[in-house]
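**Student:** So the protein lines, in turn, are chains A and B.
So the working numbering is basically just the index in the first sequence, starting at one, shifted up by 45.
So the working numbering is basically just the index in the second sequence, starting at one, shifted up by 7.
Backbone N, C-alpha and C fix where the C-beta goes; we use that ideal spot for every residue, glycine too.
Here you go, one structure.
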Amino acid sequence: MTAYLLRRLGTSIIVLIGISIFIFLLLHAIFPSPARVVLGLRTNNAAIAAWNKQNGFDDPVIVQYLRYMNNLLHGNFGYSYAENQTVASLFAERLARSIYLSGISLLIAILIALPLGIFQAVKRNTLGDNIATSIAFILYSMPVFFLGLILIQVFALSFPIFNFEASQSTNVFVVIGDWHSMFLPVLTLVLLTVANFSRYMRSSSIDVLAQDYIKVARAKGLPERLVLSRHMVRNASLPMITLIGLFLPALLAGNLIVETLFNYQGLGLLFYNSLGKEDYPVMLAYTLLGAVFVLLGNLVADIALTVADPRIRLA
Amino acid sequence: MMKLRSRKTIGGLALAVASLTALAACSSSGSGSASPTSTAGAVTQPGSIGAIPAAGTPSGKAGSITYGYQSSNAPNWIFPITTAAANSVYNSFVFDWQMWRPLYYYPQGTTITVDQQLSPVAPPVWSNGDKTMSITLKGWKWSNGQTISSKDLLFTMDEIAAAVKASPANWASYVPGFFPSTITSMSTPNAKTLVVNMKSAVNPTWMEQDILSAIMIMPAAEWAKDSASGPTLDFTNPANALKIFNYLTAQAKSVNTYATNPLWQTVYGPYKLTSFNATTGAFSFAPNPAYSGPHANPMSKFVGVPFTSNAAQFNAIKSGSVDVAAVPPEDNPQIPTLKGAGYNYFGIPAFGDYFVSYNFMNKTGNFDKIVAQLYFRQAMQHLEDQEGQIKAYFNGDGVPGYTTVAQYPPTPFYPSNAKTNPYAFSVSTAVSVLKAHGWNVVPNGTDTCAHAGTGPGECGAGIPAGTKLAFNLIYNTTPPIPQEVTNLASNAKQAGIQITLSGSNFNYMIQNYNDAASPANANKWAAEDFGGEGFTPYPTAFGFLNTNGSGQIGNYSNPTADSLINSSITSPNPQAVTNELAFFATNLPVLWQPLRDHTYAWKTNVSSTQPEAFENLTQYTVTPEFWYLTK
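Below, the structure is given as structure tokens:
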């Protein structure tokens with residue numbers, strides 16, 4: 046296991062370096078310098094030259110890259126000239142909020158989707174299954190923005206039960222306690238994720254239910270409750286573990302559309318705004334952090350698979 | 008020119024210009040031509056939607072008035088010397104100007120001129136052939152009770168000089184070769200007057216309305232130091248001035264401390280900052296008891312509430328949870344419902360222009376020679392259906408643009424030759440113009456030059472026979488620009504002009520389809536539409552349309568234009584810029600487009616002692632000191 050983890054760590058570092066080079070070169074190929082965007086259309090060439098020098102954009106790309114990596118290794122993610130703050134502080138202020146919104150939504154969605162998928166598989170083609178399937182298809186095909194708008198209109202504007210916007214506090218504990226404001230954004234994400242996960246879980250469960258060992262268990266006279274809990278759930282959950290692992294980057298990415306719609310300052314929105322402002326330091330840091338989460342998500346999923354299914358060995 | 012960040016981010020037209028409105032069902036089109044009117048106590052403007060209720064008198068109740076805005080425009084600069092990177096209407100107009108009013112405040116509601124009553128100094132007095140200006144303070148007070156003195160003015164000027172000497176990007180309003188580089192000496196003959204001597208004459212109106220209007224006074228006694236605990240430095244020493252500038256700039260980079268840093272609590276504007284959230288952009292201002300300018304009595308708190316999207320902002324309006332906010336352009340059709348939701352509304356375009364730039368350097372298909380012909384540009388302008396576009400894409404809420412700025416909001420500099428469309432929409436007229444200049448017009452086909460040469464009835468210099476009227480137009484994909492250029496291309500096609508449309512985004516365009524920034528791409532674009540530009544009250548196109556101007560896109564160059572622009576900024580004629588506007592209305596350096604109303608809504612329980620306080624919103628400026636709650 047230790048050797049495996051070290052190998053994965055080494056591979057991950059190489060992948061991260063590769064990603065950093067790719068993104069860095071890509072950004073600089075599109076925009077050698079964002080000076081004109083940052084300083085404005087009428088800025089004269091002298092001001093642009095001065096700004097480039099001040100921000101190191103007049104150096105060769107390789108020098109800029111090495112300087113960036115050197116700063117990164119020293120914990121310096123750079124300074125956002127668009128936001129007038131360090132990238133680290135921008136991330137620190139938003140990371141917890143994004144993780145909470147995505148995390149709580151993911152957790153609730155898992156708690157609902159897994160039993161629902163199993164229920165649908167066991168009660169396949171019954172009225173309950175058909176209703177759940179229909180609702181899942183409707184939600185699955187619905188754009189996030191549209192669903193959010195409908196929920197706001199119905200539950201915040203027409204019937205003002207919940208707040209039309211998410212919590213505006215920057216203290217994550219206050220955000221957590223403000224269920225009145227967080228209900229609709231979380232519900233939006235939960236509904237969409239449940240629609241997604243439940244379909245996977247249903248499909249996976251149906252596959253497992255068709256396996257011989259399920260038939261054997263039933264033939265041995267094992268109660269259906271035990272057949273499902275001991276033999277089906279664990280095996281049917283294996284694909285879900287991979288799927289959930291792939292969702293981990295969303296903790297970082299936040300949920301741009303939900304953040305936008307529900308007036309919630311998170312990382313997704315920060316990244317989106319940085320695109321419009323050509324804010325290189327934020328874009329680079331966000332992309333690299335995203336890569337870290339993707340690699341981490343995969344690693345966690347792989348490890349979780351070995352726990353769920355001892356037949357799987359890490360090598 | 009003041010950069011409109013919202014325009015810049017979204018790319019122009021669409022975002023920057025919303026509209027407002029409100030009084031009942033009185034939505035008007037942009038074709039109005041009368042002067043402002045007052046009906047039943049409500050002020051309306053031609054080209055506007057909605058109306059402004061008559062001024063009221065506070066009943067003695069003060070509270071908090073919330074102002075909604077887009078979080079992507081959250082203030083991130085507090086130091087009164089605004090750098091080019093920090094230059095946005097939100098940093099200056101919405102944020103800094105609450106604490107430090109500019110020497111000459113503008114606009115005056117929807118009249119785009121200096122509002123002398125909101126300015127802390129009297130109009131400048133000029134002498135020595137417009138090389139010397141005397142600025143006299145009105146005697147306003149700092150929040151610490153001290154009177155603003157000429158020493159503070161001198162300190163401000165010295166710091167600006169030190170800033171631009173270090174880098175021209177350190178002061179957004181710096182025009183190379185002009186103020187403060189031209190200062191030869193400054194003196195303070197008394198505690199209220201600063202005398203500035205310059206080595207060359209400038210146009211007094213330009214200086215007052217475009218340059219001095221960007222300067223906020225800084226407190227020498229509190230800020231002339233290079234560390235928090237350091238001694239007061241002699242700022243007239245350039246080395247010290249630079250140290251001070253660097254210190255204050257460093258403090259301005261500490262965004263999280265804006266509300267707590269004692270430096271920023273010394274103000275002379277109507278408000279003092281009491282809280283600022285660097286993550287969300289939320290801010291709160293409390294009235295400055297020492298404010299010396301006009302204001303409602305009592306004044307309410309002014310609270311900035313950021314929204315992450317237009318949808319979130321409009322939801323806040325619909326739910327009644329924000330007192331004052333812009334109505335997103337896409338929600339214009341819902342404006343009539345705002346009245347029922349308890350809001351007044353008013354909209355008129357922000358002062359500026361929208362246009363399609365031509366590339367006078369593009370040699371592809373001899374386009375540089377074609378576009379150099381005035382008749383071609385006239386034919387193109389005839390193909391621009393401004394009224395139709397306002398109706399179709401702006402919900403009827405906008406005004407046409409015929410020159411550097413539109414007729415509305417009104418400016419005292421607007422030329423008489425642009426009060427009606429000099430080149431009214433007419434495909435047949437465009438066809439006639441082309442035929443009269445030697446083109447074989449093929450409606451829905453491609454026109455070709457039939458008569459080469461430079462004489463009457465010929466295509467013009469450098470245009471060989473057989474040259475096709477076909478070129479590309481790159482546009483910003485932010486609505487409604489795609490619809491506008493599609494309409495233009497469709498009209499042009501009827502006149503046999505083939506325009507190939509290609510979508511892009513604002514940032515990419517100004518970097519890559521810009522002859523000065525990317526000369527290697529000169530032959531890749533013939534025309535482009537990235538949006539428009541905002542203007543300060545004296546709307547000279549200096550930097551925008553003069554030869555080699557820093558803001559030139561397509562290298563338009565015309566000796567008459569250069570002469571007129573030069574006159575606008577150096578001649579003693581206070582109306583010089585009018586001649587410039589008149590010339591651009593007929594010479595068509597770009598293809599002028601319509602402007603959409605910028606609309607704001609405010610709750611009916613928010614009133615004002617001056618109607619201009621609501622009108623100002625449409626110009627991105629906020630004067631909440633006049634607002635009060637009626638209940």
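Please report whether the beta-carbon of ARG14 (chain B) lies at a distance below 8 Å from any beta-carbon of chain A.
**Tutor:** With a pLDDT of 32 at ARG14 (chain B), under the threshold of 50, the predicted position of this residue should be treated as unreliable, though the coordinate-derived value follows. So, not an interface residue.
**Student:** List the DSSP bridge partners of GLU535 (chain B).
**Tutor:** B:SER364, B:ILE481
**Student:** If you pair each beta-carbon of the segment 159-177 of chain B with each one of the segment 248-263 of chain B, do three or more pairs fall below 8 Å?
**Tutor:** yes
**Student:** Tell me whether GLY349 (chain B) sits in a helix, a strand or coil according to DSSP, three-state version.
**Tutor:** coil
**Student:** Considering only the beta carbon of each residue, do SER57 (chain A) and MET114 (chain A) sit closer than 8 Å?
**Tutor:** no
**Student:** Leaving aside the five residues before and after GLN124 (chain B) along the sequence, list all residues of the same chain whose C-beta is less than 6 Å from its C-beta, in chain order.
**Tutor:** PRO301.
**Student:** PRO105 (chain A): buried (16+ other C-beta within 10 angstroms of its C-beta) or exposed?
**Tutor:** exposed
**Student:** Secondary structure at SER42 (chain B), three-state DSSP: helix, strand or coil?
**Tutor:** Any answer about SER42 (chain B) is weak, because its pLDDT of 43 lies below 50 and its placement is not dependable; what the coordinates show is given next. Of the three classes helix, strand and coil, the one that applies to SER42 (chain B) here is coil, per DSSP.
**Student:** List the residues of chain B whose Cβ lies closer than 9 Å to the Cβ of TYR110 (chain A), in chain order.
**Tutor:** Residues of chain B passing the Cβ test: none, with the nearest at roughly 21 Å.
**Student:** Counting along the chain, where does the alpha helix (DSSP H) carrying TYR278 (chain B) start and finish?
**Tutor:** Not the alpha helix (DSSP H): TYR278 (chain B) falls in the beta strand (DSSP E), residues 278-283.
**Student:** Excluding the 5 residues flanking ASP354 (chain A) on each side, which residues of the same chain have their C-beta closer than 8 Å to its C-beta?
**Tutor:** So the qualifying residues of the chain are ARG279, ASN280, LEU283.
**Student:** Considering only the alpha carbon of each residue, which of A:ILE153, A:ALA240, A:ASN216 lies closest to GLN165 (chain A)?
**Tutor:** Considering only alpha carbons, the answer is A:ALA240.
**Student:** Measuring straight from C-alpha to C-alpha, what distance separates THR273 (chain B) and ALA620 (chain B)?
**Tutor:** Answer to the nearest angstrom: the Cα atoms are 24 Å apart.
**Student:** Looking only at C-alpha atoms, which of B:GLY311, B:MET193, B:LYS138 sits nearest to MET164 (chain B)?
**Tutor:** B:MET193
**Student:** I'd like to know if THR305 (chain A) contacts chain B, where contact means its C-beta is closer than 8 Å to some C-beta of that chain.
**Tutor:** Residue contact check for THR305 (chain A) against chain B: a CB pair falls below 8 Å.
**Student:** If you draw a straight line from the C-alpha of ILE510 (chain B) to the C-alpha of ASN483 (chain B), how long is it?
**Tutor:** A small fix is needed here, since residue 510 (chain B) is Gly in this sequence, not Ile. Whole-angstrom Cα-Cα distance: 6 Å.
**Student:** Would you mind listing the alpha helix (DSSP H) stretches within the segment 213-249 of chain A that are 4+ residues and don't spill past its ends, in chain order?
**Tutor:** 217-222
**Student:** Drop a sphere of 10 angstroms on the beta-carbon of THR567 (chain B), count the other beta-carbons inside from all chains shown, and report buried for 16 or more, exposed for fewer.
**Tutor:** exposed
**Student:** Return the first residue and the last residue of the beta strand (DSSP E) that PRO294 (chain B) is part of.
**Tutor:** First-last of the beta strand (DSSP E) with PRO294 (chain B): 290-294.
**Student:** Is LEU201 (chain B) close to chain A, meaning its C-beta is less than 8 Å from at least one C-beta of that chain?
**Tutor:** Closer than 8 Å: no.
**Student:** For my contact list, PRO131 (chain B) and GLU229 (chain B) are in at a C-beta cut-off of 8 Å; report their separation, rounded to the angstrom.
**Tutor:** Incorrect: roughly 26 Å between the Cβ atoms, too far for contact.
**Student:** Between B:TYR97, B:SER66, B:PRO65, B:GLY75, which lies nearest to VAL329 (chain B) when the distance is taken from Cα to Cα?
**Tutor:** B:GLY75
**Student:** By Cβ distance, which residues of its chain are closer than 7 Å to MET225 (chain B), with the 5 residues on each side in sequence left out?
**Tutor:** Contacts found: PRO87, ASP159, PHE162, THR163, GLU166.
**Student:** To be precise: take each residue of the segment 183-207 of chain A, compare its Cβ to all Cβ atoms of chain B, and keep it if any distance is under 9 Å. Which residues remain?
**Tutor:** PHE190, GLY193, LEU194, ILE197, GLN198, ALA201, LEU202, PRO205
**Student:** By a C-beta neighbour count over all protein chains shown, 10 Å radius and 16 as the cutoff for buried, is TYR563 (chain B) buried or exposed?
**Tutor:** buried
**Student:** Counting only C-beta atoms, is VAL82 (chain A) closer than 8 Å to chain B at any point?
**Tutor:** yes
**Student:** Check the Cβ of ASN308 (chain A) against every Cβ in chain B and list those closer than 7 Å, keeping chain order.
**Tutor:** PHE314, THR315, ALA319
**Student:** Counting only beta-carbon atoms, is ASN94 (chain B) nearer than 8 Å to chain A?
**Tutor:** yes
**Student:** I'd like to check one pair, PRO269 (chain B) with ASN295 (chain B): are the Cβ atoms closer than 8 Å?
**Tutor:** Between ASN295 (chain B) and PRO269 (chain B), the CB-CB gap reaches or exceeds 8 Å.
**Student:** Could you tell me which chain A residues have their CB closer than 9 Å to the CB of SER174 (chain B), listed as they occur along the chain?
**Tutor:** ALA91, ALA92, ALA95, TRP96, LYS98, GLN99
**Student:** What are the boundary residues of the alpha helix (DSSP H) that PHE292 (chain A) is part of?
**Tutor:** 283-292
**Student:** In three-state terms, what does DSSP make of GLN198 (chain A)?
**Tutor:** helix
**Student:** Does ASN318 (chain A) get closer than 8 Å to chain B when you measure Cβ to Cβ?
**Tutor:** At least one chain B Cβ lies under 8 Å of ASN318 (chain A).
**Student:** Return the first residue and the last residue of the beta strand (DSSP E) that GLY510 (chain B) is part of.
**Tutor:** 505-511
**Student:** Could you name the residues of the segment 107-131 of chain A whose beta carbon sits closer than 7 Å to any beta carbon of chain B, in the order they occur along the chain?
**Tutor:** TYR126, GLU128, ASN129, GLN130
**Student:** Roughly how many angstroms separate the alpha carbons of LYS588 (chain B) and THR411 (chain B), rounded to a whole number?
**Tutor:** The identity of residue 588 (chain B) in the sequence shown is Leu, whereas the question assumes Lys. For LEU588 (chain B) and THR411 (chain B), the distance between alpha carbons rounds to 6 Å.
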